[in-house]
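In the working numbering, the protein residues as written are 27 to 144. Don't be surprised by glycine CBs; every beta carbon is placed ideally from N, CA and C.
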Ligand SMILES: [Zn+2]
């Protein structure tokens, strides 16, 4: 992984050989695909030849206003997925889907104003 030049092509494949998704890239971005073997959830491809498995992490709590304007990620069973872990022999990486909190400039201004009021 380290030391690869940007020009050197990388070959990627799905962790599930029945899926068949693959990609060739020349940058450092990891390609994702909506994997049928993972309930249609967007999961990363791994470098071809890497033995890896994905673990979908369900979001246990209610999706409230923090998800406004953000389409929650669900699998084909309707389960709300907050992240996916990609496990390899070297450890694992996590892709997070949970929506981030949002604020407007006015919200931030108001918060600063009330915090310094005493
Ligand atoms: Zn796949």
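How would you call residue i, buried or exposed, if buried means at least 16 neighbouring beta carbons within 10 angstroms?
i           : result
residue 97  : exposed
residue 130 : exposed
residue 54  : exposed
residue 80  : buried
residue 134 : exposed
residue 122 : exposed
residue 52  : exposed
residue 69  : buried
residue 120 : exposed
Is there a Cβ of chain D sitting closer than 8 Å to that of residue i, yes or no?
i           : result
residue 112 : Note that chain D does not occur in the displayed structure, where there is just one protein chain.
Could you check which residue in the options has the C-alpha nearest to that of residue i?
i           : options         : result
residue 117 : 78, 34, 134, 33 : 78
residue 23  : 63, 50, 49, 52  : Residue 23 lies beyond the residue range present for the chain, which begins at 27 and ends at 144; the question has no answer from this structure.
residue 71  : 84, 51, 38      : 38
residue 48  : 66, 34, 74      : 74
Let me check you understand the geometry: is the CB of residue i closer than 7 Å to at least one non-hydrogen atom of ligand 2?
i          : result
residue 83 : In the structure shown, ligand 2 is absent; the only ligands present are ligand 1.
Anything with a beta carbon under 6 Å from a heavy atom of ligand 1 counts; list them all in chain order.
-> 40, 42, 45, 47, 59, 61, 63
Counting only runs that start and end within the region 56-129, where is the beta strand (DSSP E) found for 3 or more residues in a row?
-> 58-60, 68-70, 78-84, 107-114, 117-122
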